[in-house]
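Residue numbers (the UniProt record's numbering): 1 to 123.
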């Protein structure tokens, strides 16, 4: 989440819900490594995972009203590790190195996004 963005922005809840429905926000659940993040860090985690899930496309970090921004430093907090992908030069890319894949956890991500939105409403 952009440092200039406000938690009171009416676009926060729907954008977090969208991000978590299309990425993996399971790490934000109760008792997980990221369950102790503050509200802005929760939102940053959701936006980051959506951005990473979408191969760091510039358009994947354009949430409304300046809510999001791309940062150069690792946004991880304590034991909560934000997923960060490394973009490789196509010249060095080989089919042998393409051994990773992504799994979309949309149903669980949706449940987590509802939880995050609920927590934001309590604030």
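Ideal Cβ positions, reconstructed from N, Cα and C, are used throughout, including at glycine.
For residue i, I'd like the list of residues in its chain whose CB is within less than 6 Å of its CB, leaving aside the five on either flank, ordered along the chain.
| i | result |
| --- | --- |
| residue 40 | 1 |
For the alpha helix (DSSP H) containing residue i, name the first residue and the last one.
| i | result |
| --- | --- |
| residue 10 | Counting along the chain, residue 10 falls outside any alpha helix (DSSP H), and DSSP gives it neither H nor E. |
| residue 40 | 39 to 53 |
Taking a contact to mean a Cβ-Cβ separation below 7 Å, would you say residue i touches residue j in this structure?
| i | j | result |
| --- | --- | --- |
| residue 61 | residue 51 | yes |
| residue 15 | residue 82 | no |
| residue 79 | residue 35 | no |
| residue 27 | residue 47 | no |
| residue 11 | residue 54 | no |
Spatial neighbours of residue i within its chain, please: C-beta separation below 8 Å, excluding the five flanking residues on both sides.
| i | result |
| --- | --- |
| residue 38 | none |
| residue 19 | 25, 46, 47, 49, 50, 63, 113 |
Ignore the nearest five residues each way along the sequence and tell me which others in residue i's own chain have a CB closer than 7 Å to its CB.
| i | result |
| --- | --- |
| residue 8 | none |
| residue 75 | 44, 48, 82 |
| residue 5 | 66, 67 |
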